[in-house]
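J.: Going line by line, the protein sequences match chains B and E. Residue numbers for the first sequence follow my numbering, beginning at 15 and rising by one. Residue numbers for the second sequence follow my numbering, beginning at 669 and rising by one. Beta carbons: idealized from backbone N, C-alpha and C, even for Gly. Take a look at this one; I'll ask things after.
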Amino acid sequence: MFTQTIAYGILVGAMYGLITLGLGLLMGVMKFLNVAHGTFIVLGGYVSYWLFTHYGLNPYLSIPLVIAVMFVIGLAVYKVTLSPLLKLPDVGSRLNSSMLITFGIIYVVDNLMTIFWKPDVRSIVAPFTGRSMEFFGTKLSITGLCGFAVAIVIAVVLYLVLGRTQFGKHVRAATQDAEAASLCGINVQRTYLISSGIAIALAGIAGVIIVSSYSISPNSGLRWLLVAFVVMILAGEGNIHAIVPAGLILGLLEAVGVFIVGAPYRQVVALVIFIVILIFKPQGLFRKRRLTYG
Amino acid sequence: MRFHPGFISILAVIAACFIVLPLIVDLGSSTMNILILLFVYVILSQSWNLLGGYTGQINLGFAAYFGCGVLLTHLLWKSGIPIYLAITVGGLSAALLAGVIGLPTLHLRGAYFAIGTIALAEALRIVVGNVFPSSLSLPGGYASNFNVFPRYYLGFGIAVLAIVSAYGLVRSKFGLAMVCVRDDEEAAQVTGINTFKTKFIALLMSAFFAGLAGGVYSFNRFYFHHISAVFEPIWTFEPLMAVVIGGAGTLIGPIIGSVFLIVLSEIFVQTLGEAHLIIFGILLIPVVLYSPSGLVGWIGWLRRAVGGLTMTHDR
């Protein structure tokens, strides 16, 4: 029973990491706090859901299409709402203003989704949903395993893109000192634009995993946003590479906590961990590496 | 904040209308209920503005204080305690809750305060939902002698009290300290302002009035299908949007924003349901980007353009 709890915690934890990557990227690179992150996760889930119901597309195969759609949405969001904030000089007012603006986005997108897709709870029920595999007496659901695999692959790809490519170098330069980077001939605006697209696309991928292993409804974004906040704080602000490990830690702590206090208090366990970390270790559990390697 | 005497007399006329009109004209119960809801929103946005607009601390856990006021007023009233005492206790316990939440979270800066408060409020919402899983209602006797007037005048009175307290607070030395903390926390600390104490007192005031707003709301309802619904984040977000769109850090802004919110929601409630929130969301973005002083700023701009009355507002 206890190994089952641990295994479940690891699978859920990897998904928590995946949920947080997009939020952490926007926060780390541009100092934008995107409170609409959960809403974009749900939107990505809907894209995958409709591809599945209308064209019978396997949710995991729909990921490239979801990435494309959400990337374009991310570019639009950055162009229309977030790029004017770059003229704000200090980090604090940029954080506060981006928070208020993305609030506006939550209200627009959530209510549009309610009008278009009804407030019903939806999830993808594919042939493999609900099945599980058994390893050494521990049952693991297929959707959970797929979510775990996607999370690890995406985290590794992001690691390689940020660490090993020219674009990643630009992102790291713009993160450290946007002005100096632009003096060195880096197009900071374009780097920010593409990073925003990637961040929203990452939210979309998380949505695919959620709609295939859990369920979505137009206003369930807040629940996932709070999870992402917790993981981001555990990882330490701007510490993108610690996000998946932090997600695993949260998944494990939550699984053990639920084992002790019972399932109705699942979210409360995570939120209490969150407050404790925020108060006693606001810099996060991991030593901060400011994206400076490679 | 200075007011032109002419402006004060306009306010007095509006207040007199609110007092006298329901007595001479029968407005009907639905209009009266909308007006009571308007008062609840004015109180909520005015009190959110104390901490969010004047002190610069964006509190996303505001629904917790409102919900605490609603829940306690309901339970105390049901147990036989007079309603006015119950509402007062509701407000005080909301302030107590804010104190407990504020001690750890107010040390957090900026966005961390915002996400810390929303996390605590959500935790509280889930706990309340688990503790009170079934619906709550008052016994039949409470509904049989229902009269809308005490509810209306209580709501109006507390709304006026909230506005007057905010006015007094902002004009005081303490109000200056609040604005200092908002504009530059480090500089405020250097000039000898106890920034934590300033934020803490602003939070307590804000929560107290939010709890009273909860009391007014509770006074007007006999039945709650899910009591955790009054802890939903919408009770934070709507006052927040009313304040930001009306004009954060002004006295009139939250009132204008609340009226705007209620009017829009009443226009769309029959046809498109929650569509007023889409309009609010769309409005919020350009307001934050291009005119941080909100609708109040537009009024100021219009006035300057016309060159009419002299009415000054700060910020």
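1. Apart from the five residues on each side of it in sequence, which residues of its chain come closer than 6 angstroms, Cβ to Cβ, to Pro-883/E?
2. May I ask you to list the residues that DSSP assigns as paired with Ser-805/E?
3. For Asn-72/B, I'd like the list of residues in its chain whose CB is within less than 7 angstroms of its CB, leaving aside the five on either flank, ordered along the chain.
4. Report the option in Trp-64/B, Val-283/B, Arg-136/B and Ile-254/B whose CA atom is closest to the CA atom of Leu-35/B.
5. Could you give the first and the last residue of the continuous beta strand (DSSP E) run that contains Leu-47/B?
6. Could you tell me which uninterrupted alpha helix (DSSP H) segments, each at least 4 residues in length, are contained entirely in the stretch 92 to 136 of chain B, listed from first to last along the chain?
7. Who does Leu-154/B pair with in a DSSP beta bridge?
8. Can you look up Ile-755/E in the DSSP assignment and give me helix, strand or coil?
9. Taking Cβ-Cβ distances below 7 angstroms as the criterion, which residues of the stretch 77 to 111 of chain B are in contact with chain E?
10. Out of curiosity, what's the CA-to-CA distance linking Ile-895/E and Ala-192/B?
11. Using the Cα positions of Ala-277/B and Ile-230/B, report the straight-line distance between them to the nearest angstrom.
12. Taking only beta-carbon atoms, is Gly-298/B less than 8 angstroms away from chain E?
13. Report yes or no: do three or more beta-carbon pairs, one from the stretch 773 to 793 of chain E and one from the stretch 838 to 846 of chain E, lie closer than 8 angstroms?
14. Let's see if you can read the secondary structure: which residues bound the alpha helix (DSSP H) around Gly-749/E?
15. Can you check whether the C-beta of Ile-861/E is within less than 8 angstroms of a C-beta belonging to chain B?
16. Should Arg-983/E be flagged as near chain B, meaning a C-beta pair shorter than 8 angstroms?
17. Provide the residue(s) that pair with Ile-230/B in DSSP beta bridges, ordered along the chain.
18. I want to verify the contact list: residues of chain B whose CB lies under 9 angstroms from the CB of Ala-731/E, in sequence order.
19. Tell whether a beta-carbon distance below 8 angstroms holds between Thr-152/B and Thr-67/B.
20. Looking at the structure shown, is Gln-714/E part of a helix, part of a strand, or coil, going by DSSP?
21. In chain order, which alpha helix (DSSP H) runs of at least 4 residues are fully inside the stretch 683 to 729 of chain E?
22. DSSP three-state label for Arg-777/E, please.
23. Of the choices Phe-877/E, Ile-913/E and Thr-939/E, whose alpha-carbon is the least far from that of Phe-730/E?
24. For Gly-70/B, is the classification buried or exposed, using 16 other Cβ atoms within 10 angstroms of its Cβ as the cut-off for buried?
25. DSSP three-state label for Gly-784/E, please.
26. Alpha carbons only, please: which of His-944/E, Gly-836/E, Val-708/E and Thr-939/E is nearest the one belonging to Ala-827/E?
27. State the Cα-Cα distance for the pair Tyr-891/E and Gly-809/E, rounded to the nearest angstrom.
28. Less than 8 angstroms between the CB atoms is what I'm expecting for Ser-874/E and Trp-716/E, so what's the real figure, rounded?
29. With DSSP collapsed to three states, give me the class of Ala-916/E.
30. Please confirm whether Gly-118/B has its beta-carbon closer than 8 angstroms to some beta-carbon of chain E.
31. Using C-beta distances below 6 angstroms, list every residue in its chain close to Gly-23/B, excluding the 5 sequence neighbours before and after it, in chain order.
32. Using the C-alpha atoms, what's the distance from Ile-947/E back to Val-898/E?
33. So the alpha helix (DSSP H) His-68/B belongs to, where does it begin and stop?
34. In the structure shown, what three-state DSSP assignment does Gln-190/B receive?
35. Below 9 angstroms on C-beta distance, what does Asn-717/E contact in chain B?
36. Give the secondary structure of Ser-736/E by DSSP, where H, G and I count as helix, E and B as strand, and everything else as coil.
T.: Straight from the coordinates:
1. Here the sequence assigns Gly to residue 883/E, which means Pro is not the residue at that position. Cβ neighbours of Gly-883/E beyond the five flanking positions: Gly-737, Thr-741, Ile-755 and Gly-758.
2. Tyr-891/E
3. Ala-140
4. Ile-254/B
5. From DSSP, Leu-47/B is part of no beta strand (DSSP E); its letter is neither H nor E.
6. 105 to 131
7. Met-147/B
8. helix
9. Thr-95, Pro-98, Gly-106, Leu-109, Asn-110 and Ser-111
10. 48 angstroms
11. 19 angstroms
12. no
13. no
14. Per the sequence shown, the amino acid found at residue 749/E is Ile instead of Gly. Unbroken run through Ile-749/E: none, as it is neither H nor E.
15. no
16. Residue placement at Arg-983/E cannot be trusted, given a pLDDT of 44 that sits under 50; what the coordinates show is reported in the next sentence. No, its Cβ sits nowhere closer than 8 angstroms to a Cβ of chain B.
17. Arg-136/B
18. None at all; the shortest Cβ gap to chain B is about 12 angstroms.
19. no
20. helix
21. 697 to 717
22. coil
23. Phe-877/E
24. exposed
25. helix
26. Val-708/E
27. 13 angstroms
28. 7 angstroms
29. coil
30. yes
31. Gly-265, Leu-266 and Ala-269
32. 23 angstroms
33. 51 to 69
34. helix
35. By Cβ distance, chain B contributes nothing, its closest Cβ being about 14 angstroms from Asn-717/E, past 9 angstroms.
36. The sequence as given places Cys at residue 736/E; Ser does not occur at that position. The answer is helix: DSSP assigns Cys-736/E an H, G or I state.
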